[in-house]
Amino acid sequence: MPYVTMKDVLAKAKKEKYAVGAFDIFDQLSMKAVVEAAAETKSPVIIQVLPPVVDYFGARTLAGWAHLLADEYPLVPMVLHLDHGRKIEMVYQCIDAKWGSVMMDASDRPLDENISVTQEVVEKAHAAGITVEGEIGCIFSVDEKKEVREKEDNLASVPSCIRYFKETGIDALAPAIGTAHGLYKDVPKIDYRRLEEIGKTVDLPMVIHGGTGLTDQDFRTLVKSGAAKINIWTQICIEFCDAMRGFAKTDPPSSDAIAFTRFAAERIKKRTIEFIRVFGSEGKA
Ligand SMILES: [Zn+2]
C-alpha cells in the first residue's frame, strides 16, 4: 500500500461521500489483519494507534511495521495515525518517526489552550508533510452519564469549530456530536444536523469517534451528514478477546500458538471488512 497522509485519503472521501474506517490496532497481528481487510476490499484504510500501544512498542517500531506492510500491499492507500495524542512529546515522537498523521487531543483544555497547543503541533507536522486531526467539544466515555455526554454545552459549537479551524490550520476535525467511546449501554443521541452544519461551515473532513455499537443505519446517516473518517477501537478488541476465549475452550485444549493468533486475526479481518462495506469505501483505493 502506498503510505500516505490522512489528507490524501480524506479529501477523496469527503468529495465522493463515503467514510474511511480508522481502526485502532494493538500489535502486529491486528495491524496486518486490518491491512488485509483493506486489501481484500480495495479500500483505503487508516491504521490508528492509541498512546498505551505507542508507549509499549515505540513510535519507530510501529512506523517500521506500517512501512513494511505498505510495501507488501501496494494497491491501496494506508495511513498510520496517532489516535488521541494527549502529550505533545508523544505526538512529536510520531512525527519524527514518519507517521502519516497525528491527532492532537487537547479538547479537555479551555479553547484558547486547545488552539495554541494544536497550532504548535500543526506547524511541526506540516513542516514534515504530516496531517493533524483535532477535537472540539467533549467526546466522553460511555461510562459517563448520558445527560452529561449529550448535554448541549459539551457538544461542539459551530463558532468554536470555525475559530479552531482558522487559527490552527488542522486537516481533519472531530466534533463532539453525542457519540462516546466504549460499548454503549443505551441508544446514543447523535446530533446529525450539528455534524452537517459544522462540516459545511468549516469545509474539513469530519471525524466520528465512538463508532463501536452504532447501527449500520447510524453509519449511513453519519456518512450522509458528512463523516469522512469513522473510528473503531472497542469492536476490534471484542473480536480479538472473543476469538481467544473461544479458541481456548477447544477440546482437547490446543497449544498451537500460530493457530490461536490466526484465528483471532481472521475474526478481526472479517469484522473490519463489514465496517468497510457499510462505510462505503470498498473499491475506493
Ligand atoms: Zn476517540
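Numbered continuously in the working numbering, the sequence shown closes out at residue 1026.
Here a beta-carbon is modelled for each residue, glycine too, at the ideal position from N, C-alpha and C.
Bounds of the alpha helix (DSSP H) holding G805 are 800-813. Secondary structure at F764: strand, using DSSP grouped into helix, strand and coil.
Secondary structure of A968 (DSSP, three-state): strand.
Between the C-alpha atoms of D997 and A897 there is a straight-line separation of about 49 Å. For H867, the shortest C-beta to heavy atom distance toward ligand 1 is 7 Å or greater.
With respect to the 8 Å criterion, I829 and V790 are not classified as neighbours on the basis of their beta carbons. Beta-carbon to beta-carbon, K1010 and A778 are separated by about 5 Å, close enough to satisfy the 8 Å threshold. When the five nearest sequence neighbours on each side are left out, the beta carbons in the same chain lying within less than 6 Å of the beta carbon of C835 are those of A800, L823, V843, in order along the chain.
The Cβ-Cβ distance between S784 and I1017 falls below 8 Å. Runs of beta strand (DSSP E) with 3 or more residues, each lying fully within the segment 840-880, are found at 842-845, 872-877, listed in chain order. Here K970 is not near V817, since their CB atoms are 8 Å or more apart. Distances from the alpha-carbon of L936 to those of S966, P993, V858 put S966 closest.
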